[in-house]
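Counting in the numbering used here, the sequence shown runs from 1 upward without gaps.
Structure, as structure tokens:
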Amino acid sequence: MKGSIRTFLTEEDGVTALEYGILAAVIAGVLVVAARTGLNEMFTTLFTKLKTLVDSAGGSAPTTPGTG
């Protein structure tokens, strides 16, 4: 029993796994923040360009379904 407790206390595999888990969580957090900023900018640019294209097309959508 003493031997298994001593082995458990000197074992470092669990500590290493915990460190990798913490590192993965930090990296995921950084990626989420970076992606959120980048996605916001990307969608703003995309919809601005789409609005410009729709406005420059000059047409209007039919007001009654099936009349277009």
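Backbone N, C-alpha and C define an ideal beta-carbon position, used for all residues, glycine too.
Under the three-state reduction of DSSP, which class applies to residue i: helix, strand or coil?
i, result
"Met-42", "helix"
"Ala-58", "One detail in the question is off: residue 58 reads as Gly in this sequence, not Ala. Note: Gly-58 maps to coil in three-state DSSP."
"Glu-19", "helix"
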